[in-house]
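Engineer:
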Amino acid sequence: MYLVNKEKINQSLSTKIVDARVAQVFNSFEGVLVTSSFGTTSAVLLHLVSRIRPDHPIYFIDTGYHFEETLRYKKRLTRLLDLNVIDLRPDPRRHAMTEQQQLWSQDAGRCCRVNKVEPIKEIKEKHDVWMSGLIGFQNRHRSTLRIIDRQDEMLKFYPLIDWGSSLVREYIAGHGLPQHPLKEKGYHSVGCTHCTAPGVGREGRWSEQSKTECGLHRK
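Residue numbers (the numbering used here): 1 to 219.
(1) Measuring only the C-alpha atoms, how far is P90 from L83?
(2) Between D87 and F67, how many whole angstroms is the CB-CB distance? I'm expecting something under 8 Å.
(3) Buried or exposed: where does D222 fall if 16 or more other Cβ atoms within 10 Å of its Cβ makes it buried?
(4) Tell me the rounded alpha-carbon separation between A43 and Q179.
(5) Please report the distance separating the alpha-carbon of I17 from that of L167.
(6) Just the C-alpha distance for A20 and K183, rounded to the nearest angstrom, thanks.
(7) Could you work out which residue in N27, A23, T98 is closest to H194 when comparing CA atoms only?
(8) Nearest CA to the CA of S105: which residue from V200, T196, E7?
(9) Compare the Cα-Cα distances from T40 to each of Q102, S132, V190, R113 and report the closest residue.
(10) Going by the CB atoms, is the gap between F38 and T63 shorter than 7 Å?
(11) Rounded to the nearest angstrom, what separates K124 and E153 at their Cα positions?
(12) Comparing C-alpha positions only, which one of L103, R169, L33 sits nearest to C192?
(13) What is the DSSP secondary structure of G109, reduced to helix, strand or coil?
(14) Considering V32, what are the terminal residues of the beta strand (DSSP E) in which it resides?
(15) Given K74, which residues of its chain have a CB within under 6 Å of its CB, disregarding the five upstream and five downstream residues?
(16) Rounded to whole angstroms, what's the CA-CA distance from G109 to E122? Just pull it up for me.
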């Protein structure tokens, strides 16, 4: 069904403002998975969800390697928007292995699989649609994505994918939302401490490697 209707859904959503896009997907599908990294642009989608579907679960993958600033920002937005945040964590033994071997410096892809991809696998299987706040301007791969895409057996919903950086800034400022504390230090995208440096867009993520995504949002 999703393959047949994907084009029609994209046409419908592309003509709508972002609030209507989010509302339409919530109203059209029962199993909507919402995740957030509580990164530098995350406040937009979190604010939208808090208004359109209050108390809807928002999953946060706690890799064990987040910046303290990210964890404080998560607490602040959770209180401010009254979010229903559920933390997901990697298997303790496998996480310990990545720490002992400093796997991020040897095989960053495997480190991401253990600490990001595996913790959400079981949750994904219980949902039909995955809503996330990816935005097209962040890198070349994301600029090729559409509002509704397909990954394996799931529909991926990117309500902000066609936004520009100015729209993000205007939304955050216009709704009085706080910025991620690392944004003013030059971090335009924030992930795990070992693999994140200051940079525009996602230039600071895995900056010395060819890797550009953690594996959660591959094509």
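No residue lacks a Cβ here, since even glycine has one placed at the ideal position from N, Cα and C.
Structural biologist: Answer, in terms of the structure:
(1) Translated into positions along the sequence shown, residue 90 becomes position 90. Translated into positions along the sequence shown, residue 83 becomes position 83. Answer to the nearest angstrom: the Cα atoms are 22 Å apart.
(2) Position 87 of the sequence shown holds residue 87. Position 67 of the sequence shown holds residue 67. Incorrect: roughly 16 Å between the Cβ atoms, too far for contact.
(3) Only positions 1 to 219 of the chain appear in the structure, and residue 222 is not among them; the question remains open.
(4) Here residue 43 corresponds to residue number 43 of the sequence shown, with the count starting at 1. Here residue 179 corresponds to residue number 179 of the sequence shown, with the count starting at 1. Here the C-alpha atom of A43 lies approximately 8 Å from the C-alpha atom of Q179.
(5) Here residue 17 is taken as the residue at index 17 of the sequence shown, counted from 1. Here residue 167 is taken as the residue at index 167 of the sequence shown, counted from 1. Approximately 12 Å between the Cα atoms of the pair.
(6) In the sequence shown, counting from the first residue as 1, residue 20 sits at position 20. In the sequence shown, counting from the first residue as 1, residue 183 sits at position 183. Looking at the two C-alpha atoms, the distance is approximately 29 Å.
(7) Counted from its first residue, the sequence shown places residue 194 at position 194. That would be T98, whose Cα lies nearest to the Cα of H194.
(8) Start at 1 with the first residue of the sequence shown, and residue 105 comes out as number 105. Residue nearest to S105 within the set V200, T196, E7 is T196 (criterion: CA-CA distance).
(9) As a first step, residue 40 is located in the sequence shown; it is residue number 40 there, counting from the start. Among Q102, S132, V190, R113, the Cα nearest to that of T40 belongs to V190.
(10) Residue 63 sits at position 63 when you count from the first residue of the sequence shown. Residue 38 sits at position 38 when you count from the first residue of the sequence shown. At a Cβ-Cβ threshold of 7 Å, T63 and F38 do not count as neighbours.
(11) Position 124 of the sequence shown, counted from the first residue, corresponds to residue 124. Position 153 of the sequence shown, counted from the first residue, corresponds to residue 153. Rounded to the nearest angstrom, the two C-alpha atoms are 10 Å apart.
(12) Here the question's residue 192 lines up with position 192 in the sequence shown. Of L103, R169, L33, the residue nearest in Cα terms is L103.
(13) Position 109 of the sequence shown, counting from 1, holds the residue named residue 109. Secondary structure of G109 (DSSP, three-state): helix.
(14) The residue labelled residue 32 in the question sits at position 32 within the sequence shown. Boundaries of the beta strand (DSSP E) harbouring V32: 32 to 34, taken from the DSSP string.
(15) Locating residue 74 in the sequence shown gives position 74, counting from the first residue. So the qualifying residues of the chain are F38.
(16) Residue mapping note: residue 109 aligns to position 109 of the sequence shown, counting from 1. Residue mapping note: residue 122 aligns to position 122 of the sequence shown, counting from 1. Using only the alpha carbons, I get a separation of about 20 Å.
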